[in-house]
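So for the sequence shown, our numbering puts the first residue at 970; every next one is plus one.
Yeah, the Cβ is synthetic: ideal placement off N, Cα and C, and Gly gets one too.
Okay, structure first, notes after.
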Amino acid sequence: MLQVNSYKRRQLNQETLLFTPSISEPNALRTILAFPNTYKVGITSLGYQVIWATLAQRKDVNVRRLFTDQGDPPHRTIDLFGLSLSWELDGPVLLDLLEQQRIPLWSHQRKEEDPLVFGGGPVLTANPEPLAPFFDVILLGDGENLLPKFIDKIFQIRNIPRADRLQQLAQIPGIYIPSLYIPQYANDGTLIGINPIQANVPNTISKQTWQGNTLSHSTVITPDAAWPNIHMVEVVRSCPELCRFCLASYLTLPFRSPSLEDGLIPAVEAGLMATKRIGLLGASVTQHPQFDELLNWLNHDRFEDLHLSVSSVRAATVTSSMTKVLSRRGCRSLTMAIESGSERMRKVVNKKLSEEEIFAATQYALEGGLKNIKLYGMVGLPLEEDADIAATADLLLRLKKRTTGLRFTLGISTFVPKAHTPFQWHGVRPEAEKRLKHLAKQLKPKGIELRPESFKWSVIQALISRSDRRLASVIALVRGSQNSLGGWKKAYQAVSEGNDPQAKNQPHSMATLPTWNEVIHDSWLTSRVLPWTHIEGPLKLEQLIKHHDQAINQTFQADELE
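Structure representation (structure tokens):
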């Protein structure tokens, strides 16, 4: 324990805060804000940083951070325990953190003296149901407005009975109280609805959207982060392209971009007081309407020692002048999502990107002095054929041949259906595993680095992203082997066969689990009741179906013209 505390003290001493924490009042809400990974990973999360700073600046909150590698002793006298989830596979870690703090895992087993366990982040906003029985409160959507409203209300009602607190919280738009909703199943186990258990509870919960003129930027800078000493600035939120599989686009609509003068420049200036490393973040940063103006400003002589990096850019927006400024400011690589080398597949997913634009972007990168091109693609997309995989390999090889001097890396993942996207009804295609191997065979010998995401991890992601509340027993059972596909299958089978020691912990009777293939690999009818049907996303179901049908029909129309 002394070693752990020494390690933690060193981490804290390395931090430079870009805000001033408040001195907590004696009656402040005692809060733990946890992250389901190590300090190095968690402190790199911009979302986690911003949530922590928001709480730490309040006098009525006494917040302490918790990471998986900081073995603090359990604190029984806390009011709130919070967790942010950005990746499905982090979900089971919640149970380890709760157990470490001696908090009952299942929400209905918690007593008056136990803290309220709350959570947020894209995983919970998209489909909270698999983890719902472990949370008392789930915040759906952007935290800029929702988190302060939640804390304000908690402070007002902290002294009333637990059940009454949850009832009152359920009245706030964007706050989901899972215990006040119950899933209903047909005799064959089909989910037919998720309904409130009382008349005064809303039938649906709407995801909240921040519409302010500013977005997020780092609140702490440290050499111990995964990206050392970097100040992250959120340039855009969401993406206007709406690729049909993309959670980052659909779940975070509408596309938002802060103004240059009031948003981006002050955010960058704040970071420059502590570091010379600036990271510009967003699903497609170059689509900010004033991105060229931002680069021109950063091109001034006073930024000569600045080291700039950018997240994913849209290939069609890359210019020669852009790459020259990026290179001049220390950037060495350009990251672009092309999804597929097949023109046909790019049309299917609504990737409005031509082969000519991809070639032009890489040529501009070479001319500008950049050294590396990182491309992101996907296998196993709906309607994909072997010829489309061959087209991806062929495109990479031609790019490398034409732009000698650039180092190419292809990050490739398997399509995983995500809630609130037009492809949510399509399952994981088993042939994707073979196609990942085919790309490796074609590209690695030619000097193109391939970074494939594990197909097994994709299967587990799909299980969590597509399941309903019945999966909670599996998650509780799989702890300790959550990174093993075999461990998940074994736990799933045990729950399916009724050999589940966690079954008694479920607050309501549950139907039998659907088959493994039905959840992960099957394509579903658009008329199916989805586990997240009671969660209102940015687009209505009818709009998602329209986008889905447009994607499928566009391909058929293209085939007819050939």
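Worksheet item: Taking Cβ positions, are S1055 and P1099 nearer each other than 7 angstroms?
Response: no
Worksheet entry | Endpoints, the beta strand (DSSP E) within which T1383 is located | From DSSP, the beta strand (DSSP E) with T1383 extends over R1376 to T1383.
Worksheet item: Which value, in whole angstroms, describes the spacing of the CA atoms of L1440 and D1469?
Response: Between L1440 and D1469, the C-alpha separation is close to 12 angstroms.
Worksheet item: Under a three-way DSSP split, which group does H1516 fall into?
Response: helix
Worksheet item: Considering only C-alpha positions, which residue in the set I1433, T1481, P1507 and A1139 is nearest to H1490?
Response: If we check each option's Cα against that of H1490, I1433 comes out closest.
Worksheet item: Which residues share a DSSP beta bridge with V1030?
Response: V1030 pairs with L998.
Practice prompt. Would you mind giving the Cβ-Cβ distance between E1326 and R1315, rounded to the nearest angstrom? I have them listed as a contact below 8 angstroms.
Written response: No, E1326 and R1315 are not in contact; Cβ-Cβ is about 11 angstroms, not under 8 angstroms.
Worksheet item: Which full runs of the alpha helix (DSSP H) of 4+ residues lie inside the stretch 1049–1124, going along the chain?
Response: Qualifying alpha helix (DSSP H) stretches, in chain order: 1062–1069 and 1091–1095.
Fill in: Inter-stretch contact (C-beta, 8 angstroms, three-pair minimum) for the stretch 1264–1282 and the stretch 1230–1249
Proximity of the stretch 1264–1282 to the stretch 1230–1249 meets the contact definition, three or more beta-carbon pairs being nearer than 8 angstroms.
Worksheet item: In whole angstroms, what is the alpha-carbon distance linking R1448 and P1386?
Response: 24 angstroms
Discussion item. Let me check understanding here. Comparing Cα to Cα, which of S1311, E1422 and Y1219 lies closest to L1508?
Written reply: Y1219
Worksheet item: Taking the C-alpha atoms as reference points, what is the distance between W1179 and A1217?
Response: Rounded to the nearest angstrom, the two C-alpha atoms are 15 angstroms apart.
Worksheet item: At which residue ranges does the stretch 1284–1361 contain complete alpha helix (DSSP H) runs of 4 or more residues, listed in the order of the chain?
Response: 1289–1297, 1312–1317 and 1324–1337
Worksheet item: Per DSSP, A1003 is paired with what?
Response: For A1003, which the question treats as bridged, DSSP gives the partners L1035 and L1052.
Practice prompt. Note down, one range per segment and in chain order, each beta strand (DSSP E) of at least 3 residues found wholly within the stretch 1413–1501.
Written response: 1418–1421
Worksheet entry | Segment limits, alpha helix (DSSP H) that includes G1016 | According to the DSSP assignment, G1016 belongs to the alpha helix (DSSP H) that extends over L1015 to A1025.
Item to complete: State yes or no: is the C-beta of I1174 within less than 7 angstroms of the C-beta of I1504?
Response: yes
Item to complete: Taking only the alpha-carbon atoms, compute the straight-line gap between G1506 and Q1177 and give it to the nearest angstrom.
Response: 9 angstroms
Worksheet entry | CA-to-CA distance, L1499 to V1254, given in whole angstroms | 32 angstroms
Worksheet item: Which two residues bound the contiguous beta strand (DSSP E) that contains P1152?
Response: Per DSSP, the continuous beta strand (DSSP E) segment holding P1152 begins and ends at Y1150 to Y1154.
Practice prompt. Specify, as a first and last residue, the run of the beta strand (DSSP E) that V1237 falls within.
Written response: That residue, V1237, is in no beta strand (DSSP E); its alpha helix (DSSP H) goes I1234 to L1241.
Worksheet item: Which first and last residues belong to the alpha helix (DSSP H) in which S1218 is found?
Response: L1216 to Y1219
Discussion item. The beta strand (DSSP E) that contains R1246, what's its start and end?
Written reply: R1246 to L1250
Worksheet item: How long is the line joining the alpha carbons of H1257 and F988, rounded to whole angstroms?
Response: 26 angstroms
Worksheet entry | Proximity of T1013 and A1195 at Cβ, strictly below 7 angstroms | Annotated as proximal: T1013 and A1195, with beta-carbon spacing under 7 angstroms.
Worksheet entry | Euclidean distance between Cα positions of A1162 and R1438 | In the sequence as presented, Ala is not what sits at residue 1162; that position holds Gly. Between G1162 and R1438, the C-alpha separation is close to 12 angstroms.
Worksheet item: Looking at C-beta atoms only, is the number of pairs between the stretch 1330–1343 and the stretch 1295–1313 that lie closer than 8 angstroms three or more?
Response: yes
Discussion item. Between G1467, D1133, R1435 and K1515, which has its C-alpha nearest E1057's C-alpha?
Written reply: R1435
Worksheet item: Candidates V1294, S1280 and K1245: which alpha carbon is nearest W1266's?
Response: Out of V1294, S1280 and K1245, V1294 has the C-alpha closest to the C-alpha of W1266.
Fill in: Beta-carbon spacing of G1089, L1066 below 7 angstroms
No, the pair does not count as a contact, with Cβ atoms beyond the cut-off.
Item to complete: Flag this pair as touching only if the stretch 1453–1462 and the stretch 1067–1078 have three or more C-beta atom pairs under 8 angstroms; answer yes or no.
Response: no
Item to complete: Just mark T1361 as buried or exposed, buried being the case when its beta carbon has 16 or more other beta carbons within 10 Å.
Response: buried
Practice prompt. Determine which residues share a DSSP beta bridge with N1164 and list them.
Written response: I1151
Item to complete: Compare the Cα-Cα distances from P1223 to each of Q1137, L1364 and E1210 and report the closest residue.
Response: E1210
Discussion item. Helix, strand or coil, according to DSSP, for I1146 in the structure here?
Written reply: coil
Item to complete: Sort out for me which residues DSSP pairs S1278 with in a bridge.
Response: G1248
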